[in-house]
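Working notes, beginning with the structure itself.
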Ligand SMILES: [Zn+2]
């Protein structure tokens, strides 16, 4: 966050308190923190949706344990923020990504 949403004055990075107008900014800062599962979060509109949680857990628990998984995670972290930004703004893409992820979620649940 570069400017205080209350008074519009410049802030240093990651400031959680505005020294100009004395407002608490933590909720804005927290909101800007990047969600962990960018693409799924963008597609489902929230990091707290059940599907997003399932995908995130799967990534953290299973993928980390093998070479291909690690490679995929690295690639994912490099590629997903810009992709997520595009998805976020496009309802059609959101729908496609959700459609793609739904069977993945089902598969993960089946293999548990
Ligand atoms: Zn302020």
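Numbering (my numbering), first residue to last: 11 to 122. Heads up, the beta-carbon is just placed ideally off N, CA and C, and yes, glycines get one too.
One or two residues paired with residue 27 in a DSSP bridge: 34
Those residues which DSSP pairs with residue 13 across a bridge: 20
Assigned exposure category for residue 49 - 16 Cβ within 10 Å defines buried: buried
Same chain, Cβ closer than 6 Å to residue 83, neighbours up to 5 away in sequence not counted: 73
Beta-carbon separation (whole angstroms), residue 106 vs residue 64, contact threshold 8 Å: Wrong, their Cβ atoms sit about 19 Å apart, outside the cutoff.
Residue 21, buried or exposed, once every other Cβ within 10 Å from all chains shown has been counted against 16: buried
Of the residues 14, 16, 54, 32, the one placed nearest residue 111, counting alpha carbons only: 54
Enclosing alpha helix (DSSP H) for residue 67 [first to last residue]: 60-71
Environment of ligand 1 in chain order, Cβ to heavy atom below 6 Å: 14, 16, 17, 19, 28, 30, 31, 33
Cβ-based neighbour list, residue 80, same chain, cut-off 8 Å, excluding 5 preceding and 5 following: 73, 74
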